[in-house]
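Enquirer: Respectively, the protein sequence lines represent chains A and B. Going letter by letter, the first sequence gives residues 1 to 471 in this note's numbering. Going letter by letter, the second sequence gives residues 472 to 725 in this note's numbering. Beta carbons: idealized from backbone N, C-alpha and C, even for Gly.
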Amino acid sequence: MSKNSIENIIALSSDLRWKIGDDFHDGLAEGIYADASEIANGSISIDNETPRFRLDSKIDKIVTSKTWGFPIMFLILGVILWLTIIGANYPSSMLANLLLDNIHPVLKSFATNIGMPWWLDGFLIDGVYLAVAWVIAVMLPPMAIFFPMFTLLEDFGYLPRVAFNLDYMFKKSGAHGKQALTMSMGFGCNAAGVVATRIIDSPRERLIAIITNNFSLCNGRWPTQILIATIFIGAVVPASFSAFASLSAVIGVAILGLFFMFFTSWALTKTVLKGEVSTFNLELPPYRPPRFWKTVYTSLIDRTIIVLWRAILFAAPAGAVIWLISNIYIGNESVATWTINSLDGFGFLLGMNGVILLAYIVAIPANEIVIPTILMLTVMASGIVGGAGAGVMFELDSVTATGDILRAGGWTLLTAINLMLFSLLHNPCSTTIYTIYKETKSAKWTTVASILPVIMGFVITFLVTQIWRLF
Amino acid sequence: MVNKVNSACDMCTHFNAKGLKKLGVNTNNYDFVVALAGNPNTGKSTVFNALTGLRQHTGNWPGKTVVRAEGAFEYNSKKFKLIDLPGTYSLLSTSQDEEVARNFILFGKPDVTVIVVDASRLERNLNLVLQILEITDKAVLCLNLMDEAKRNNIKIDIRTLARDLGIPVVPTSARYSQGISDLIHTINEVANGEIICKPHQIKNVPKNIETAVRTLSTEIKKQFPTIPNSRWIAFRLLEGDTHIVDALKTGELV
Numbered sequence: 001m002s003k004n005s006i007e008n009i010i011a012l013s014s015d016l017r018w019k020i021g022d023d024f025h026d027g028l029a030e031g032i033y034a035d036a037s038e039i040a041n042g043s044i045s046i047d048n049e050t051p052r053f054r055l056d057s058k059i060d061k062i063v064t065s066k067t068w069g070f071p072i073m074f075l076i077l078g079v080i081l082w083l084t085i086i087g088a089n090y091p092s093s094m095l096a097n098l099l100l101d102n103i104h105p106v107l108k109s110f111a112t113n114i115g116m117p118w119w120l121d122g123f124l125i126d127g128v129y130l131a132v133a134w135v136i137a138v139m140l141p142p143m144a145i146f147f148p149m150f151t152l153l154e155d156f157g158y159l160p161r162v163a164f165n166l167d168y169m170f171k172k173s174g175a176h177g178k179q180a181l182t183m184s185m186g187f188g189c190n191a192a193g194v195v196a197t198r199i200i201d202s203p204r205e206r207l208i209a210i211i212t213n214n215f216s217l218c219n220g221r222w223p224t225q226i227l228i229a230t231i232f233i234g235a236v237v238p239a240s241f242s243a244f245a246s247l248s249a250v251i252g253v254a255i256l257g258l259f260f261m262f263f264t265s266w267a268l269t270k271t272v273l274k275g276e277v278s279t280f281n282l283e284l285p286p287y288r289p290p291r292f293w294k295t296v297y298t299s300l301i302d303r304t305i306i307v308l309w310r311a312i313l314f315a316a317p318a319g320a321v322i323w324l325i326s327n328i329y330i331g332n333e334s335v336a337t338w339t340i341n342s343l344d345g346f347g348f349l350l351g352m353n354g355v356i357l358l359a360y361i362v363a364i365p366a367n368e369i370v371i372p373t374i375l376m377l378t379v380m381a382s383g384i385v386g387g388a389g390a391g392v393m394f395e396l397d398s399v400t401a402t403g404d405i406l407r408a409g410g411w412t413l414l415t416a417i418n419l420m421l422f423s424l425l426h427n428p429c430s431t432t433i434y435t436i437y438k439e440t441k442s443a444k445w446t447t448v449a450s451i452l453p454v455i456m457g458f459v460i461t462f463l464v465t466q467i468w469r470l471f
Numbered sequence: 472m473v474n475k476v477n478s479a480c481d482m483c484t485h486f487n488a489k490g491l492k493k494l495g496v497n498t499n500n501y502d503f504v505v506a507l508a509g510n511p512n513t514g515k516s517t518v519f520n521a522l523t524g525l526r527q528h529t530g531n532w533p534g535k536t537v538v539r540a541e542g543a544f545e546y547n548s549k550k551f552k553l554i555d556l557p558g559t560y561s562l563l564s565t566s567q568d569e570e571v572a573r574n575f576i577l578f579g580k581p582d583v584t585v586i587v588v589d590a591s592r593l594e595r596n597l598n599l600v601l602q603i604l605e606i607t608d609k610a611v612l613c614l615n616l617m618d619e620a621k622r623n624n625i626k627i628d629i630r631t632l633a634r635d636l637g638i639p640v641v642p643t644s645a646r647y648s649q650g651i652s653d654l655i656h657t658i659n660e661v662a663n664g665e666i667i668c669k670p671h672q673i674k675n676v677p678k679n680i681e682t683a684v685r686t687l688s689t690e691i692k693k694q695f696p697t698i699p700n701s702r703w704i705a706f707r708l709l710e711g712d713t714h715i716v717d718a719l720k721t722g723e724l725v
């Protein structure tokens with residue numbers, strides 16, 4: 001094809017475009033709509049004999065109403081978390097009993113029998129195996145309850161209503177209303193939430209949505225919140241209220257996340273990302289009764305197993321790393337002790353300790369392993385004798401035992417609160433950081449998205465701690 | 472992953488001469504490429520899963536699929552590669568998800584484009600259907616969510632609709648695996664050229680625009696006699712779409 005002929009076509013097209021004027025886009029769109037309506041009228045008939053009962057719009061009137069929208073939202077989240085907290089206890093202790101109390105000793109004696117060297121035995125069975133077993137025992141049950149329920153809600157069509165309720169607030173903060181949807185995705189996984197921002201057309205608003213997605217508590221962080229709230233927050237109130245108190249604390253942290261999302265979006269639009277808010281149509285899809293068993297099955301496969309697998313994948317090397325840094329000595333101190341001691345001062349300012357900060361460094365690959373890492377490091381640093389030596393995880397048979405270890409490690413209510421806050425406000429996991437880079441193709445914005453939440457975490461925990469200590 | 476479908480219809484010889492094999496993610500050595508397009512939240516991913524046997528997560532909210540997913544199935548020993556495109560309301564604007572869909576239909580040149588629409592919101596969905604029909608002449612309309620339409624007492628005359636659009640129309644309720652075998656059968660017939668589509672062209676365009684489009688598309692046809700969608704390219708050129716200008720220059724459209 002000659003270059004000339006193409007130039008001719010392009011020249012002709014711009015010529016014609018001038019002749020038509022500005023109306024082209026609208027004229028074409030109207031033409032399409034007119035055709036669509038003709039065709040539709042030709043083949044659709046609506047049977048009006050039976051009055052149409054509009055259940056959908058009745059439900060929508062309530063769940064998106066100004067008065068009831070938010071309370072219903074929190075109520076639903078509350079019920080789901082309550083069922084998760086209550087329901088996860090029993091399978092958790094059963095799994096712990098099986099994996100830690102029964103299988104671990106068998107593995108140990110097997111290793112002794114085949115004459116495995118002590119360091120390999122420690123590295124594999126006390127490091128890798130225990131970390132993986134802990135992740136399965138403590139994380140699998142809440143995930144297997146939480147995710148199917150969340151997915152059922154999603155399939156029913158509730159999430160767009162959440163978006164509808166929050167749309168106004170996002171617009172107020174200068175962000176795109178569709179960010180409410182990407183935020184909801186973030187409640188599952190931040191990396192997925194970041195990819196989902198592709199539905200936002202404006203680059204400015206998309207960037208805001210990407211940077212602030214980390215404020216949605218993700219899969220990896222819900223179990224941390226639930227566990228810490230159960231142990232520490234639940235313990236300060238009478239036993240009959242403890243489940244209620246813990247779930248309120250978890251919801252509180254999730255809402256705080258929303259607040260930070262709005263605040264950061266607002267701050268960004270007022271400073272580095274100024275611009276107009278674009279408008280869009282949010283379609284409220286019809287409610288669809290979820291296909292219960294199919295949904296439960298898919299969510300178990302899609303979410304629970306994948307997240308668990310990811311946790312195991314990262315927990316295994318983390319377990320190994322912990323065992324290594326606890327057993328490699330520089331002078332009289334192990335690498336882990338040395339790091340923990342040097343981080344302790346800074347940790348104290350933030351109402352936490354060196355163990356937690358080191359755990360967050362070790363756990364950059366996956367939020368899922370923060371708690372197991374903290375436990376292993378605590379056991380090591382506080383010198384609780386677990387029977388198997390340094391860097392070996394204590395054998396836990398229940399949530400109570402986890403609490404006992406943490407208290408022995410010097411934890412207080414303040415430590416727990418700050419950990420929950422820091423779990424909300426810290427850098428995204430490495431997968432999310434990588435995804436942000438892939439989506440933005442900008443080292444600068446990736447750095448901002450990674451560093452900004454950590455700084456906010458430091459500031460907030462510092463303030464909370466200083467105010468707490470005043471009283 | 473080899474799953475045989477096993478409802479009465481699926482076993483019937485008419486639909487299942489040599490059988491359907493769901494091939495999951497195994498997309499090697501395909502004979503035909505099939506694209507799944509449609510508005511958000513019309514059940515594209517559900518149709519995708521029903522055809523491929525994959526279990527891509529489906530959620531009841533618009534914008535669930537933002538990247539394209541691929542899968543495959545085999546029917547009468549022909550292998551079909553299936554691509555689930557992000558849901559879009561139109562192909563006229565420029566957000567990233569719409570571009571993924573548009574570029575694929577335009578440049579990927581699928582052998583068949585299955586347009587999934589919500590039967591209970593047909594008129595609104597037709598907007599996209601008509602745009603796609605300007606691009607490709609090998610399409611099947613999958614009239615999905617028939618169960619919901621029925622619940623809302625909406626009746627659709629399938630024959631009239633198929634005649635007006637000039638492409639085969641298959642009613643389905645993918646969530647309940649209804650109409651899927653019929654859909655596969657139709658996809659196969661369009662891919663093999665047993666059904667020749669005569670897609671509807673947008674008629675109600677203002678006169679001055681129509682004249683301009685005709686002039687331009689005649690010119691395009693003269694220069695590129697093999698191009699199948701000169702009218703759509705004329706639309707895009709008149710809109711000033713730089714992507715299309717570039718594509719013309721590089722010869723991607725021919």
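Please report the distance separating the alpha-carbon of Lys19/A from that of His714/B.
Expert: The alpha-carbon atoms of Lys19/A and His714/B are separated by roughly 22 Å.
Enquirer: Please say whether Val600/B and Val583/B have beta carbons closer to each other than 8 Å?
Expert: Contact: no.
Enquirer: Does DSSP put Gly509/B in a helix, in a strand, or in coil?
Expert: Strand.
Enquirer: Within a Cβ cutoff of 6 Å, which residues of the same chain sit near Gly711/B, ignoring the five residues on either side of it in sequence?
Expert: Contacts found: none.
Enquirer: What is the DSSP secondary structure of Asp589/B, reduced to helix, strand or coil?
Expert: Here Asp589/B sits in strand by DSSP.
Enquirer: Taking 8 Å as the CB-CB cut-off, is Pro581/B touching chain A?
Expert: Answer no: the Cβ-Cβ gap between Pro581/B and chain A never drops below 8 Å.
Enquirer: Using only CA atoms, which one of Glu690/B, Pro699/B, Asn700/B lies nearest to Asn4/A?
Expert: Considering only alpha carbons, the answer is Glu690/B.
Enquirer: Any idea if Phe471/A is buried or exposed, counting beta-carbon neighbours within 10 angstroms, 16 or more meaning buried?
Expert: Its Cβ having fewer than 16 others within 10 Å, Phe471/A is exposed.
Enquirer: What is the C-beta distance between Ala543/B and Phe551/B, in whole angstroms, given that I count them as a contact (C-beta under 8 Å)?
Expert: The pair is a contact, with the Cβ atoms about 6 Å apart (cut-off 8 Å).
Enquirer: If the cut is a Cβ gap below 7 Å, which residues of chain A does Leu593/B touch?
Expert: What Leu593/B touches in chain A: Ala40, Ile44.
Enquirer: Residues of chain A with CB closer than 7 Å to the CB of Lys674/B, please, in chain order.
Expert: Near Lys674/B (Cβ distances below 7 Å), the residues of chain A are Asp35.
Enquirer: Go to Val640/B, then tell me how far its beta strand (DSSP E) extends in each direction, as first and last residue.
Expert: First-last of the beta strand (DSSP E) with Val640/B: 640 to 642.
Enquirer: Along the chain, where does the alpha helix (DSSP H) that runs through Tyr33/A open and close?
Expert: Tyr33/A -> alpha helix (DSSP H) spans 24 to 43.
Enquirer: Would you please verify whether the beta carbon of Trp468/A is less than 8 Å from any beta carbon of chain B?
Expert: No, Trp468/A does not count as interfacial toward chain B.
Enquirer: Quick one: what's got a C-beta closer than 7 Å to Ala390/A's C-beta in the same chain, skipping five residues either side?
Expert: For Ala390/A, the predicted model reports a pLDDT of 48, less than 50, meaning its position is unreliable and no value from the coordinates is stated.
Enquirer: Applying a beta-carbon distance threshold of less than 7 Å, which residues of chain A neighbour Gly711/B?
Expert: Going along chain A in sequence order, the residues near Gly711/B (Cβ under 7 Å) are Arg17.
Enquirer: Per DSSP, which one or two residues make a beta bridge with Val611/B?
Expert: Val585/B, per the DSSP bridge assignment.
Enquirer: Closer than 8 Å by C-beta to Val641/B: which residues in its own chain qualify, once you throw out the five before and the five after it? Chain order, please.
Expert: Around Val641/B: Val611, Leu612, Cys613, Leu614, Gly650, Asp653, Leu654, Thr657.
Enquirer: Are there 16 or more other CB atoms within 10 angstroms of the CB of Glu665/B, so buried, or fewer, so exposed?
Expert: Exposed, because fewer than 16 other Cβ atoms sit within 10 Å of the Cβ of Glu665/B.
Enquirer: According to DSSP, what are the bridge partners of Leu491/B?
Expert: Note: Leu491/B sits in a beta bridge opposite Tyr546/B.
Enquirer: Decide if Ala705/B is buried, meaning its Cβ has at least 16 other Cβ atoms within 10 Å, or exposed.
Expert: Counting Cβ neighbours within 10 Å, Ala705/B comes out buried, since at least 16 surround it.
Enquirer: In the region 126 to 152 of chain A, which residues sit with their C-beta less than 7 Å from some C-beta in chain B, listed in chain order?
Expert: Going along the region 126 to 152 of chain A in chain order, one finds no residue with a Cβ nearer than 7 Å to chain B.
Enquirer: I'd like to confirm the pairing. Which residues does DSSP put opposite Ala540/B in its beta bridges?
Expert: According to DSSP, Ala540/B bridges with Asp555/B.
Enquirer: Does DSSP put Ser334/A in a helix, in a strand, or in coil?
Expert: Strand.
Enquirer: In terms of residue numbering, what span does the beta strand (DSSP E) encompassing Ile625/B cover?
Expert: Run containing Ile625/B: 625 to 627, per the beta strand (DSSP E) assignment.
Enquirer: Sorted by chain position, which residues of the same chain lie with C-beta nearer than 8 Å to Leu181/A's C-beta, five sequence neighbours on each side aside?
Expert: Only Leu159, Pro160, Ala163, Ala196, Ile199 meet the Cβ criterion.
Enquirer: I need the boundaries of the alpha helix (DSSP H) containing Asp60/A, first residue and last residue.
Expert: Segment 55 to 63, the alpha helix (DSSP H) holding Asp60/A.
Enquirer: With Tyr360/A as the anchor, note down where its alpha helix (DSSP H) starts and where it stops.
Expert: Where Tyr360/A is concerned, the enclosing alpha helix (DSSP H) stretches over 354 to 362.
Enquirer: Using the three-state DSSP reduction, which class does Phe292/A fall into: helix, strand or coil?
Expert: Phe292/A falls in the helix class under three-state DSSP.
Enquirer: If you scan the region 114 to 138 of chain A from start to end, which runs of the alpha helix (DSSP H) of 4 or more residues do you find wholly inside it?
Expert: List check, alpha helix (DSSP H) in window: 118 to 121.
Enquirer: What's the C-alpha gap between Thr513/B and Leu616/B?
Expert: Each residue's Cα considered, the two are about 7 Å apart.
Enquirer: Per DSSP, what kind of secondary structure is Phe471/A in: helix, strand or coil?
Expert: If DSSP states are grouped into helix, strand and coil, Phe471/A belongs with coil.
Enquirer: Provide the residue(s) that pair with Phe70/A in DSSP beta bridges, ordered along the chain.
Expert: According to DSSP, Phe70/A bridges with nothing at all.
Enquirer: Which partner residues of Ile46/A appear in the DSSP bridge assignment?
Expert: BP columns for Ile46/A point to Ile625/B.
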